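Accompanying notes for the structure given below.
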Amino acid sequence: MATRRLVLLRHAKSDWYSGAATDFDRPLNNRGRRDAPRVGRWLHLNALTPDVVCCSSALRTRQTLELVGTELGLSMADLHYLGELYHASEEEITGIVEGYLPGDGTLMVVGHNPGMETTLLEYCPDLQVPADGKLMPTAAVAVVEWPETGPPQLRHLVRPRDL
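For the sequence shown, the working numbering assigns the number -7 to the initial residue and increments by one for each residue that follows.
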């Protein structure tokens, strides 16, 4: 049975005090550089290596993907850096998902909030937001699968602090 799977990955914690000239150029901070590999190891242990990756072209998302990808042994052959993922809305992200999600494979999207959270809620509207109000804090990963029939289903929602 073929499985269509979406891995939504919010970038790891960034450094607000880095001196970067723009928000787009903000790098990861120490916590982000620690959390991203942990998420990559979890993805690897759960056999969630993507077939296709779409990543915002902002520095912090690229750095997150590099650290996650190293742990996954990720081939960057089908990697797309997309400027439109920077500050993308749920509608823009779902459009990207529709365009890139393999018929029987896994697409990873590495992006930013609030778009990552609103996209997850679009696919899984019954999902309850945690008491802290943070459905997808930095470096959180959500795995959504499309069954043969019926709506998409949330399979995993993991935060770095859970690992």
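We put the beta carbon where it would ideally sit given N, CA and C, even for glycine.
The model shown is predicted, which means the values in this text are computed figures rather than measured ones.
Practice item. Consult DSSP for Trp8 and reduce its assignment to one of helix, strand or coil. Key: coil
Review point. What's the gap between the Cα of Ser49 and the Cα of Pro152?
Key: 22 Å
Practice item. Starting from the Cα of Pro139, find the closest Cα among His36, Arg147, Leu127 and give me that residue. Key: Arg147
Point to revise | Selected residue, minimal CA-CA separation from Val60, among His72, Val133, Ala12, Lys126 | key: Val133
**Study point:** Thr98 in three-state terms, based on DSSP
**Key:** strand
Practice item. Can you have a look at Gly107 and say buried or exposed, based on whether 16 or more other CB atoms are within 10 angstroms of its CB? Key: buried
Exercise for review: Assess, as a yes-or-no matter, whether the region 62 to 75 is touched by the region 32 to 52 under the definition of 3 or more beta carbon pairs within less than 8 Å.
Suggested key: yes
Check your understanding: Should Asp27 be labelled buried (16 or more other beta-carbon atoms within 10 Å of its own) or exposed?
Key -> buried
Review point. Comparing alpha-carbon positions, which option in Glu114, Val121, Ala123 lies nearest Leu(-2)?
Key: Glu114
Review point. If you count every other CB in all the chains shown that lies within 10 Å of the CB of Glu90, and 16 or more means buried, which is it?
Key: exposed
Practice item. With a 10 Å radius around its C-beta and 16 neighbouring C-beta atoms as the bar for buried, classify Gly103 as buried or exposed. Key: buried
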